[in-house]
Amino acid sequence: MILELKAEERVKALPVLEESFSGMYLWHSKKTLFGCERVFALFENTIVGVIMLKRLSKRAGYVYYIATRPAFRRKGYASKLLEHSLQLFKDEGVEEVYASVREDNKPSLTLFESFGFKEIGFAD
């Protein structure tokens, strides 16, 4: 089940971030969790994954972070979160969705590519 987390509920997503990120990425993901527009969580008795979204403009959206607890990876949860989010953006009239993925994050690159995302450079 995918549910939107209200601002006061977002603290429940911290364990997912703490198990998924470290260093600067953990710090930034925590800051983003409480500052971004929308956060959705996927539940299987507990929160197993989260996705953070922002509307950049009338026609553009952005996926800040997508994270799945290590014990629940490779089970399709990140795909479900991304699919839900892309449909939400589409329903709201968003035509383009962007994300930023590190070059060495092969699982995330594969996930986004499977949904039709294309790699562009910062200068593009």
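Following my numbering, the numbering of the sequence shown begins with 47 at its first residue and continues without gaps.
The beta-carbon is built from N, C-alpha and C at its ideal position, and this holds for glycine as well.
With a cutoff of 8 angstroms on beta-carbon distance, L63 and F86 are scored as not near each other.
Annotation for E83: L99, K100 and R101 place their beta carbon closer than 8 angstroms to its own, counting only its chain and skipping 5 residues before and after. Inter-residue distance for K164 and K58 is about 32 angstroms (C-alpha atoms, whole angstroms). Cα atoms of G95 and D150: separation of roughly 21 angstroms, rounded to the nearest angstrom.
8 angstroms or more divides the Cβ of I93 from the Cβ of I112. Out of Y71, K52, L132 and P153, the CA that lies nearest to the CA of A106 is found in L132. Comparing alpha-carbon positions, the option among M70, E159, K76 and A124 lying closest to Y144 turns out to be E159. Going by DSSP, T78 is part of the alpha helix (DSSP H) stretching over G69 to G81.
Leaving aside the five residues that flank G139 on each side, the residues in its chain whose CB is nearer than 8 angstroms to its CB run, in chain order, K104 and R105.
For the pair T78 and Y110, the CB atoms are nearer than the 8 angstroms cut-off. Counting other Cβ atoms within 10 Å of its Cβ, S68 stays below 16 and is therefore classed as exposed.
The bridge partners DSSP lists for T156 come to none. Taking 8 angstroms as the cut-off, the Cβ atoms of L60 and L88 do not count as close.
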